[in-house]
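Written below as structure tokens is the structure these notes are about.
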Amino acid sequence: MDLIQFQNVGKDYDNQTALRDVTLSVGKGEMIFITGPSGSGKTTLLKLVYLAEKPDRGAIYVGDVETETLRESQIPLLRRTIGVVFQDFRLLDNRNVFENIAIALRIRGIAEKEVKTKVFDTLKMVNLRHKADAYPRTLSGGEQQRVVIARAIVADPTVLLADEPTGNLDPGTAEGVMRTFKEINARGTTVLIATHNRELYRNTGRRVFTLDSGSLVGEVLG
Amino acid sequence: MDLIQFQNVGKDYDNQTALRDVTLSVGKGEMIFITGPSGSGKTTLLKLVYLAEKPDRGAIYVGDVETETLRESQIPLLRRTIGVVFQDFRLLDNRNVFENIAIALRIRGIAEKEVKTKVFDTLKMVNLRHKADAYPRTLSGGEQQRVVIARAIVADPTVLLADEPTGNLDPGTAEGVMRTFKEINARGTTVLIATHNRELYRNTGRRVFTLDSGSLVGEVLG
Amino acid sequence: MSLPYSVTLALQSLTREKWINLISVLTIASALLIISIAAFVVYNIDAATRSLPERFSMVLYLDDDIQKDRIDGVITALRRNSAVRSLRYIPKEEALRELKSVLKNSTYVFEGLDENPLPDTLELKLRKEAIGPEAVRRLSDEALKIKGVREVDYGEKFLAALHSLRAGTKTVGIALIVILSTGIIFVCYSTVKILFYRRKEEIETFKLLGATRAFIRAPFLIEGGAIGLAGGLISLFGIFAFYYAILLRLSVTMPVFKAVLFPSGPFLLLPGVGIFLGVAGAAIALGRLRY
Amino acid sequence: MSLPYSVTLALQSLTREKWINLISVLTIASALLIISIAAFVVYNIDAATRSLPERFSMVLYLDDDIQKDRIDGVITALRRNSAVRSLRYIPKEEALRELKSVLKNSTYVFEGLDENPLPDTLELKLRKEAIGPEAVRRLSDEALKIKGVREVDYGEKFLAALHSLRAGTKTVGIALIVILSTGIIFVCYSTVKILFYRRKEEIETFKLLGATRAFIRAPFLIEGGAIGLAGGLISLFGIFAFYYAILLRLSVTMPVFKAVLFPSGPFLLLPGVGIFLGVAGAAIALGRLRY
Ligand SMILES: Nc1ncnc2c1ncn2[C@@H]1O[C@H](COP(=O)(O)OP(=O)(O)OP(=O)(O)O)[C@@H](O)[C@H]1O
Ligand SMILES: Nc1ncnc2c1ncn2[C@@H]1O[C@H](COP(=O)(O)OP(=O)(O)OP(=O)(O)O)[C@@H](O)[C@H]1O
Ligand SMILES: [Mg+2]
Ligand SMILES: [Mg+2]
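Chains as they are written, first to last, in my numbering: chain V, 1 to 222; chain W, 1001 to 1222; chain F, 2001 to 2291; chain Z, 3001 to 3291.
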């Protein structure tokens, strides 16, 4: 069964068409990559999945629901099944690393004790256990990016959307992150990764979609 | 003659040593790369050059002056000779792309007419002429990064510091940016690039410094 | 949404942004203090002028040759009138004594007199409700119709002036309080608005992470309430300080201030008003959260 | 730094952040309006009570059998006293006429009189500076020492009460204005501070790009001045509206308000005060720019 389906989806911004007639579907438990030049619509595509934007044309299904038919009060519930690595990080400057990650669990109403263990476990996975008390502004670019990754995966989401998750990471660290994603995927999470980094999908055997100026121009196996 | 010199430079943050005993020098007109894992001190090293941070140990020379001896009122003058591609972009959200780039010229007191031509020429170099009126928030990650690059080079700086300048760029666009940097370098600008992207320095024949945990652990030719 | 956690969030935010929260607290405190003092001043001007008409009296001169039982008749007739609060009969002998005491520096005026030239008089005090230029004139007309009453005397002009002064003070006072309150509520609102404006990003991120409206709102409302409460308490302290430190001290050297009334009851509501302002301000500033 | 460009920057910022600038403008406007109205009210209370002592007069009763030249002597002696502003001689015939008109409802008091029992009197008006309980008593004592003056009469108690009322009103009025101003300046300051707090990032970026202090400061100061000017103009409009729309309209039905003084001069300074507040607020909010 397909978890995410795009049917002839189009999306316009004020004076710009960001997506044109995109049809694709991602199966439950699959891991796919989206690539394409700067400004081709990768981020927009992911935003449509977590409902940060609405499509202008076509239909999008996440799970069984058509996102357009969703009532406002149900949007938070849908979003709680999704973990997002935002391209622009969206870290809360006034909270330390621990709190930035914990917030994802607290929003889901998880008990305080569990919060602690989960957050520290995830911090260990991204090698940032020693930065738990640091504030985002005092972190290096790559450290910030790993905090965002930790926040996205800490709540064991059904879907993981990672937007350029290794843009600020050295090849070694990037490899570690990809290993983590694969583990998560192996445990059943559907993973969508938007990236320009060919190393990430080279020899993975996963489907790689290529966007160009908003159109889906190719689907190959990495 | 060396334009930038680090002599046994050390830098501590509150509870973290970011640089340890770094000694290096970059000649006038040279182009060098700084690499190393996430959190190894690349950004800190660049910050010391444009005086966003002060060294705790050792001495730094930019041009003929020791940065520590500079009076506060001279700092702006030094900074105007430097163009910086900030890792965290530092775009002004309430100004459009044109203004974000023009500000670098206006700070230097350049006449309005010249501002226009220079900004548009630079926008063309990074392929963003059509986004002149857009606001940073409405740009894709790679587009934002190119605006930052344009702002750094628009005023023909003596020194160009680029911190992870291609983290959000696809390989093709990244190659274009590197070509631009090389052209600028060929015209006499000293260029320092901090990056984890091996493609950037592979086969360039330029010096590549490697940092690890704040120490300079290697100097090779790319 | 766990309630305790929203309290934690509110507390975190309160302690994290000390400076900006202090500004809000002090803004609300000064706002409430200013309104309180304005209300206090208007209340006192009103109270001070309210007691003036109580001293107002109407004097009825009776016929020269009036009989004892006729006098009783007049008194009974007047007592029946609902506007009359109290009534004093002043025989002419007493009236003369009073006049002499009033003109005490000129008692020689009366030196040549061998007979009392004054008439018997009745002094009426009126009910507060009845003291208006119209009502008083009506009463005067009625009194003149009673047999035995020769003349009625009351300070028409004084009464009219006093009346319009009181009405005017009240009008201007209320206008002032309304202007003050509008200005101040606006300032409160804008402070809170700016406070939340800064957190637009944070709210947006919360939403994208899957937070419900209640989860986002609760800490803000708690925070607003806490800020309002603190502001209210400070203004309460301020108004008491104003009374005890300034007015009471003044009244030692300037006895006029002994007459100042300090209705502490309403002021005790200030913390409550503060909480209301804070919570309402936060709710309005947050606005309708859209997904 | 090119001045025109800093103006451009200021204008951009003013138009770009309309909402938040509007808040600042209106905050400063309400602040100035509140202070103006408070000052206006205190000024009027002061003015209204100031004229009371001017009506105050002291009455000197002269000896019964006094001679014309003796009277002139008394007058000359009094004129020499610096506290005396004006002086009126009232022959006993006129005094009787006056007394009769005062007691107009009781003229029969005088029916039996065949000789005028009143003495000649002198009525003194005093200089404003001299009207204090102490000064008046001193003058009274001096007057009594002059040959031909039998008695001096003045409202001792009234004068003392009036004096302490005036002093008290002034003290409370000034205390109120000080409290108001402190509160309001604080609110202004915090509004501006929050306004710039939001731009910390922008200032930081400007610095990193090589901007001088003057380049960064100029637009902020211009912007602060423009906001302050707008606030001052609105408050000026507001105070005139308050006077013409409320007070003048009230005075049609309530003549007391005809007596209200509206000193438009000082209020015309409001725009200037606004500019000062705005620029000073911006300068303080920016603080010392460190590199
Ligand atoms: N302002 C600061 N306060 C405290 N620690 C800081 C601060 N800035 C940087 N650090 C720490 O100093 C170390 C070096 O940071 P730096 O930003 O120089 O790394 P980097 O090499 O640029 O890493 P990246 O490739 O991830 O950008 C990191 O561990 C970081 O957490
Ligand atoms: N909010 C917006 N308003 C207007 N235009 C937008 C907005 N967001 C994105 N765009 C435009 O839509 C196009 C696609 O943007 P998108 O962010 O999806 O690109 P992308 O593939 O993620 O690029 P990158 O690799 O640079 O991140 C871009 O040209 C961008 O300028
Ligand atoms: Mg993108
Ligand atoms: Mg870095």
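All residues carry an ideal CB built from backbone N, CA and C; glycine is no exception.
Contact between the region 3209 to 3221 of chain Z and the region 1107 to 1118 of chain W is defined here as three or more beta-carbon pairs at a separation below 8 Å; is this criterion met? The region 3209 to 3221 of chain Z vs the region 1107 to 1118 of chain W: in contact.
Please give the ranges of any alpha helix (DSSP H) in the region 1060 to 1099 of chain W, keeping only runs that are unbroken, at least 4 residues long and fully inside the region. Listed in chain order, they are 1075 to 1079.
Spatial neighbours of W/R1057 within its chain, please: CB distance less than 6 Å, with the 5 preceding and 5 following residues excluded, ordered by chain position. Excluding sequence neighbours, W/R1057 sits near G1010.
For F/V2007, which residues from the same chain have a beta carbon less than 7 Å from its beta carbon, with the 5 sequence-adjacent residues on both sides left out? Close CB contacts of F/V2007 within its chain, under the 7 Å cut and outside five residues either way in sequence, are with I2222 (chain order).
With a threshold of 16 other CB atoms inside 10 Å of the CB of F/L2277, please say whether the residue is buried or exposed. With 16 or more other Cβ atoms within 10 Å, it is buried.
Quick one: is W/I1075 near chain Z, going by C-beta distance under 8 Å? At a cut-off of 8 Å between beta carbons, W/I1075 contacts chain Z.
Quick one: Cα of V/S40 to Cα of W/G1141, how far? Answer to the nearest angstrom: the Cα atoms are 11 Å apart.
Can a CB atom of chain V be found closer than 8 Å to the CB of F/V2007? No, F/V2007 does not count as interfacial toward chain V.
With distances taken from CA atoms, which of Z/F3240, Z/G3173, Z/I3275 is nearest Z/G3265? Selected option, being the one with the closest Cα: Z/F3240.
Please report how far the alpha carbon of Z/I3023 lies from the alpha carbon of F/S2190, in whole angstroms. Distance between the alpha carbons of Z/I3023 and F/S2190: 6 Å.
If contact means a Cβ-Cβ distance below 7 Å, which residues of the region 1150 to 1180 of chain W contact chain V? Hits within the stretch, in order: E1164, G1167, N1168, L1169, D1170, P1171, G1172, T1173.
Presumed contact (8 Å Cβ cut-off) between V/P165 and V/Q144, rounded CB distance: That belief does not hold up - the Cβ atoms of V/P165 and V/Q144 are roughly 12 Å apart, past 8 Å.
At a cut-off of 7 Å, would you count V/Q87 as near ligand 3, judging by its Cβ distance to the nearest heavy atom? Flag set: Cβ of V/Q87 near ligand 3.
Taking the CB atoms as reference points, tell me whether F/L2132 and F/R2070 lie closer together than 8 Å. In the sequence under discussion, the amino acid at residue 2132 of chain F is Gly, which differs from the Leu named in the question. Not closer than 8 Å, so no.
Whole angstroms is fine: what's the gap from Z/M3001's alpha carbon to Z/F3220's? In this predicted model, Z/M3001 has a pLDDT of only 45, less than 50, meaning its place in the structure is not dependable enough to derive any value.
Please list the terminal residues of the continuous alpha helix (DSSP H) segment that includes W/A1194. Premise fails: W/A1194 lies in the beta strand (DSSP E), 1190 to 1194, not in any alpha helix (DSSP H).
Would you identify the three-state DSSP class for W/I1184, choosing helix, strand or coil? Of the three classes helix, strand and coil, the one that applies to W/I1184 here is helix, per DSSP.
Under 7 Å (Cβ pairs) to chain W, residues found in the region 8 to 35 of chain V: Going along the region 8 to 35 of chain V in chain order, one finds Y13 with a Cβ nearer than 7 Å to chain W.
With contact counted as at least three CB pairs below 8 Å, one residue from each stretch, are the region 3021 to 3039 of chain Z and the region 3230 to 3238 of chain Z in contact? Yes, the region 3021 to 3039 of chain Z touches the region 3230 to 3238 of chain Z.
Classify Z/G3173 as helix, strand or coil using the three-state DSSP reduction. Residue state, collapsed to three classes: helix.
Nearest-angstrom Cβ-Cβ length linking F/A2095 and F/L2118, presumed shorter than 8 Å: About 5 Å separates the two Cβ atoms, so the contact holds.
Output, in chain order, the set of chain V residues within a Cβ distance shorter than 9 Å of F/R2016. Neighbours of F/R2016 on chain V, chain order: N94, R95.
Within the continuous beta strand (DSSP E) that includes Z/M3058, where are the two ends? Looking at the DSSP string, the run of the beta strand (DSSP E) that includes Z/M3058 is 3057 to 3062.
Measure from the C-beta of W/Y1050 to each C-beta in chain Z and report whether the shortest distance is under 8 Å. Yes, W/Y1050 lies at the interface with chain Z (some Cβ there is under 8 Å from its Cβ).
Does W/N1008 come out as helix, strand or coil in the three-state DSSP assignment? Note: W/N1008 maps to strand in three-state DSSP.
Quick check on the burial criterion: 16 or more other C-beta atoms within 10 angstroms. Buried or exposed for V/G172? When all chains shown are included, V/G172 counts as exposed.
How should W/M1001 be labelled, buried or exposed, when 16 other C-beta atoms within 10 angstroms of its C-beta is the threshold for buried? With fewer than 16 other Cβ atoms within 10 Å, it is exposed.
Answer with buried or exposed for F/P2004, where buried requires no fewer than 16 other C-beta atoms within 10 angstroms of its C-beta. By the Cβ-count criterion, F/P2004 is exposed, with fewer than 16 other Cβ atoms from all chains shown falling within 10 Å of its own Cβ.
C-alpha distance - F/S2013 paired with F/Y2197, whole-angstrom precision: Rounded to whole angstroms, F/S2013 and F/Y2197 show a C-alpha spacing of 14 Å.
Touching by the beta-carbon criterion (3+ pairs, under 8 Å), the region 28 to 44 of chain V and the region 1167 to 1182 of chain W: Verdict: yes, contact present.
Using beta carbons (cut-off 8 Å, strictly below), is F/F2215 in contact with chain V? So, interface residue.
As assigned by DSSP and simplified to three states, the class of Z/M3001: Only weak support exists for where Z/M3001 lies, its pLDDT of 45 falling under 50; the value from the coordinates is given anyway. Three-state DSSP puts Z/M3001 in coil, outside helix and strand.
Is the closest heavy atom of ligand 4 to the C-beta of Z/M3210 under 7 Å? With the sequence shown as reference, residue 3210 of chain Z is identified as Gly, and Met is not the correct amino acid for it. If you check the C-beta of Z/G3210 against ligand 4, you find no heavy atom less than 7 Å away.
For W/Q1005 and chain V, any beta-carbon pair shorter than 8 Å? It does not: the Cβ of W/Q1005 has no partner Cβ on chain V nearer than 8 Å.
For a contact meaning CB atoms closer than 8 Å, what does Z/A3211 contact in chain W? Result: P1076, I1107.
Count Cβ pairs between the region 43 to 58 of chain V and the region 182 to 195 of chain V that sit closer than 8 Å; are there 3 or more? As far as the Cβ criterion goes, the region 43 to 58 of chain V touches the region 182 to 195 of chain V, which means the pair count is three or higher.
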